[in-house]
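Engineer: Below is one structure. I have some questions about it.
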Amino acid sequence: MARKLPPIHPGEILREEFLVPLKLTPYAVAAALNVPRTRIERIAREEKSVTADTALRLGKFFKTGAAFWMNIQTRFDLETAEDVLAPQIKRIASYEAV
Numbered sequence: 004m005a006r007k008l009p010p011i012h013p014g015e016i017l018r019e020e021f022l023v024p025l026k027l028t029p030y031a032v033a034a035a036l037n038v039p040r041t042r043i044e045r046i047a048r049e050e051k052s053v054t055a056d057t058a059l060r061l062g063k064f065f066k067t068g069a070a071f072w073m074n075i076q077t078r079f080d081l082e083t084a085e086d087v088l089a090p091q092i093k094r095i096a097s098y099e100a101v
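Residue numbering for the sequence shown is 4 to 101, as defined by my numbering.
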């Protein structure tokens, strides 16, 4: 059986695809976004989720669009929930129309 990879947190994408290659600090990004430094630091450390507010700001700053960040967050949330809830979800019968 193939081993499932863990879900990717948006903070990993922020850190590895944007901050490191562009040589940006969380402080610099937070200042540009006009948000607390701790918000960007906590996202980059994978301790905090990306909210719609932050997605709009990151999307504008990095020219990715807000949906890019929200989609990563949504996928992370769903995959994490699936891992936790799989046994319970498996027991739910699908609706059958009469």
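Think of the CB as a built atom: it goes at the ideal place given N, C-alpha and C, for glycine as much as any other residue.
1. Among the candidates V53, I92, G68, whose CA atom is the shortest distance from the CA of I11?
2. Is it buried or exposed for A34, if we count other Cβ within 10 angstroms and need 16 for buried?
3. Is the distance from the Cβ of P13 to the Cβ of F79 below 8 Å?
4. Buried or exposed for Q91, going by 16 or more other Cβ atoms inside 10 Å?
5. Starting from K93, follow the alpha helix (DSSP H) in both directions and report where the run begins and ends.
6. Look at the alpha carbon of R48 and the alpha carbon of A100, and state the distance between them as a whole number of angstroms.
7. According to DSSP, is T41 helix, strand or coil?
Structural biologist: In brief:
1. As a first step, residue 11 is located in the sequence shown; it is residue number 8 there, counting from the start. I11 has its Cα closest to that of V53, out of V53, I92, G68.
2. Taking the first residue of the sequence shown as 1, we reach residue 34 at position 31. Answer is exposed; the Cβ neighbour count stays below 16.
3. If you number the sequence shown from 1, residue 13 lands on position 10. If you number the sequence shown from 1, residue 79 lands on position 76. Their beta carbons are under 8 Å apart, which means P13 touches F79 by this criterion.
4. Here residue 91 refers to the residue found at position 88 when the sequence shown is read from its first residue. It counts as exposed.
5. Reading the sequence shown from its first residue, position 90 is the one you call residue 93. Per DSSP, K93 belongs to the alpha helix (DSSP H) from 69 to 93.
6. Along the sequence shown, read from residue 1 onward, the residue named residue 48 stands at position 45. Along the sequence shown, read from residue 1 onward, the residue named residue 100 stands at position 97. For R48 and A100, the distance between alpha carbons rounds to 46 Å.
7. Mapped onto the sequence shown, residue 41 falls at position 38. It is helical.
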